[in-house]
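Participant: One structure is given below, represented as structure tokens, and several questions about it will come after.
In our numbering, the protein residues as written are 3 to 455.
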């Protein structure tokens, strides 16, 4: 007789958890741990504006300028870090980025001159964003193709879990001392670098020759080749549109709620739904979408994002605002791992760093542009027009994904080895996940022997 009731539920949850976390290599879990530790220390990006206005006494305009410079630093480093990931390697790029972030964040806490604060904030934006292409490229290197959607989803879950915990804790720290918050982030970021140094070996794929008699190496994949890749750059453009929509939840939504008479605490309650939903639903939703058609998932997530924000035009209570947040949060849960899997699918094996850097650029650029777009539309036309624009952008993005991926039919997918929404190694030129070397060994660069690890 089958077991029912609470016992069956607990048993089912345990089985689901085992299936979700099983089969992933040990290196992935150290990478996952470093991501969690890094996000536990997130302080600057969350409290920068409050720090400058409440603690330092600067104007809102100056605070906005500094936050924009922080975002501009992320835009610049996306491309530079992508090149470093391919040339220097994944591990060195992460170590450089994380140690530099730790130093620059600590330095920012001691800055008093307005120009110095702006300059160091730009540096923090550069360094804190620089490890993302390397992390994503290493994850693609070490995880089997059929497990990548699950791996990317678990990593995204760690990001949001760490951010949720840090946001709550950092609020209390900020009441005591903003400097303590800066130093705490620096310490945890340095701890993340220590984890990478001790536990994560280099994963950059070695060059394979076509035959024993052929000794020519694979040529470097330059940024020009990335920019000429029409299909991939279309994905970057569509990612920019979708991320513009998501960013309005942190840029325009608090402004719109404030103009409707709601308090900052009301906004906090509404936006908290996003973090809670991601932490609770990311893993079960991933189990549901893992082996489904990525084309439909990207179209669906684009429409959910656009119309989720579009519904905000009809919100007149905290409950309705929370409901709209639920809608576009589900879009975020579906979009993040599926989109990253698509980027890996379209990336050549020895150009993953640059491709991931360009993809990261789409999100960094949206963080820079979204405040300008949201503020302009609200000031000149009203919040209702902004939410309508989000619905239009979501529709355009969904249509774009449909047009872009029509050529990636099931027949071609099977030929190329698509499993569970990502492509098998045969597309990228590999048949198995890259076997990493011990962390203590130096692996020479397959692109340039002079750029070893």
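Note that the Cβ used here is the ideal one computed from N, Cα and C, for glycine as well.
Taking all protein chains shown into account, decide if residue 239 is buried (16 or more other Cβ within 10 angstroms of its Cβ) or exposed.
Facilitator: Result: exposed.
Participant: When we look at the beta-carbon of residue 334 and count the other beta-carbons within 10 Å, is it buried (16 or more) or exposed?
Facilitator: Counting Cβ neighbours within 10 Å, residue 334 comes out buried, since at least 16 surround it.
Participant: Count the other CB atoms, across all protein chains shown, that sit within 10 Å of the CB of residue 56; report buried if there are 16 or more and exposed otherwise.
Facilitator: Classification for residue 56: exposed.
Participant: So, helix, strand or coil for residue 342, using DSSP?
Facilitator: If DSSP states are grouped into helix, strand and coil, residue 342 belongs with the helices.
Participant: Helix, strand or coil for residue 57 per DSSP?
Facilitator: It is helical.
Participant: Are residue 301 and residue 403 closer than 8 Å when you measure CB to CB?
Facilitator: Yes, they are a contact pair.
Participant: According to DSSP, is residue 308 part of a helix, a strand, or is it coil?
Facilitator: Reduced to three states, the DSSP call for residue 308 is helix.
Participant: For residue 362, tell me which candidate among 137, 305, 298 has the shortest Cα-Cα distance.
Facilitator: With distances taken between Cα atoms, residue 362 lies closest to 137.
Participant: Indicate whether the contact test is met: 3 or more Cβ pairs, each with one atom in the segment 160 to 177 and one in the segment 268 to 281, closer than 8 Å.
Facilitator: The answer is yes - the segment 268 to 281 touches the segment 160 to 177, with three or more Cβ pairs under 8 Å.
Participant: Using 10 angstroms around the beta-carbon of residue 411, count the other beta-carbons present and answer buried if the total reaches 16, otherwise exposed.
Facilitator: A caution first: residue 411 carries a pLDDT of 48, below 50, which makes its placement in the model unreliable, though a value can still be read off. Label assigned to residue 411: exposed.
Participant: So, residue 235 versus residue 323, is the Cβ gap smaller than 8 Å?
Facilitator: Their beta carbons are not under 8 Å apart, which means residue 235 does not touch residue 323 by this criterion.
Participant: Between 355, 385, 368, 345, which lies nearest to residue 147 when the distance is taken from Cα to Cα?
Facilitator: Cα-wise, what sits closest to residue 147 is 345.
Participant: Is the segment 94 to 112 close to the segment 126 to 140, with three or more CB pairs under 8 Å?
Facilitator: Segments in contact, yes.
Participant: Would you kindly check if the distance between the Cβ of residue 88 and the Cβ of residue 356 is under 8 Å?
Facilitator: In contact: residue 356 and residue 88 (Cβ atoms closer than 8 Å).
Participant: In three-state DSSP terms, what is residue 145?
Facilitator: Coil at residue 145, not helix or strand.
Participant: Among residues of its own chain, excluding the 5 on either side of residue 399, which ones have a beta-carbon nearer than 6 Å to its beta-carbon?
Facilitator: Answer for residue 399: 240, 243, 244, 304, listed in chain order.
Participant: Could you please give the first and the last residue of the uninterrupted alpha helix (DSSP H) stretch that includes residue 255?
Facilitator: Residues 232 to 261.
Participant: Between residue 113 and residue 33, is the Cβ-Cβ spacing less than 8 Å?
Facilitator: Against a cut-off of 8 Å, the Cβ pair of residue 33 and residue 113 comes out as no contact.
Participant: If you measure between the beta carbons of residue 311 and residue 393, is that distance less than 8 Å?
Facilitator: Yes. Within cutoff.
Participant: Hey, residue 253 and residue 376: beta-carbon distance below 8 Å or not?
Facilitator: A contact, by the Cβ cut-off of 8 Å.
Participant: If you draw a straight line from the alpha carbon of residue 282 to that of residue 77, how long is it in whole angstroms?
Facilitator: About 31 Å.
Participant: Helix, strand or coil for residue 66 per DSSP?
Facilitator: DSSP places residue 66 in helix when its eight states are reduced to three.
Participant: Taking only the alpha-carbon atoms, compute the straight-line gap between residue 408 and residue 390 and give it to the nearest angstrom.
Facilitator: Between residue 408 and residue 390, the C-alpha separation is close to 27 Å.
Participant: Candidates 67, 133, 85, 382: which alpha carbon is nearest residue 121's?
Facilitator: Ranking 67, 133, 85, 382 by Cα distance to residue 121 puts 67 first.
Participant: To the nearest angstrom, how far is the alpha carbon of residue 172 from that of residue 183?
Facilitator: Approximately 7 Å between the Cα atoms of the pair.
Participant: Quick one: grab the DSSP three-state call for residue 202.
Facilitator: In this structure, residue 202 counts as coil in the three-state DSSP scheme.
Participant: Do the CB positions of residue 190 and residue 39 come within less than 8 Å of each other?
Facilitator: In this structure, residue 39 lies closer than 8 Å to residue 190 by Cβ.
Participant: According to the Cβ coordinates, are residue 151 and residue 397 closer than 8 Å?
Facilitator: No, Cβ-Cβ distance for residue 151 and residue 397 is not below 8 Å.
Participant: Can you tell me whether DSSP reads residue 91 as helix, strand or coil?
Facilitator: Note: residue 91 maps to coil in three-state DSSP.
Participant: Per DSSP, what kind of secondary structure is residue 383 in: helix, strand or coil?
Facilitator: Correct three-state label for residue 383: coil.
Participant: Hey, how far is the Cα of residue 115 from the Cα of residue 75?
Facilitator: Going by the C-alpha atoms only, they are around 19 Å apart.
Participant: Rank 81, 297, 155 by C-alpha distance to the C-alpha of residue 284 and give the top, closest one.
Facilitator: When each option's Cα is compared against that of residue 284, the closest is 155.
Participant: For a quick check, are the C-beta atoms of residue 135 and residue 70 less than 8 Å apart?
Facilitator: No, Cβ-Cβ distance for residue 135 and residue 70 is not below 8 Å.
Participant: Please check the pair residue 111 and residue 185, which I expect to be a contact at CB under 8 Å, by giving their CB distance rounded to whole angstroms.
Facilitator: At roughly 6 Å, the Cβ-Cβ gap stays under 8 Å, so residue 111 and residue 185 are in contact.
Participant: Quick check: residue 306 and residue 153, are their CB atoms within less than 8 Å of each other?
Facilitator: No, Cβ-Cβ distance for residue 306 and residue 153 is not below 8 Å.
Participant: Between the alpha carbons of residue 175 and residue 366, how many angstroms are there, rounded?
Facilitator: Residue 175 and residue 366: Cα-Cα distance of roughly 27 Å.
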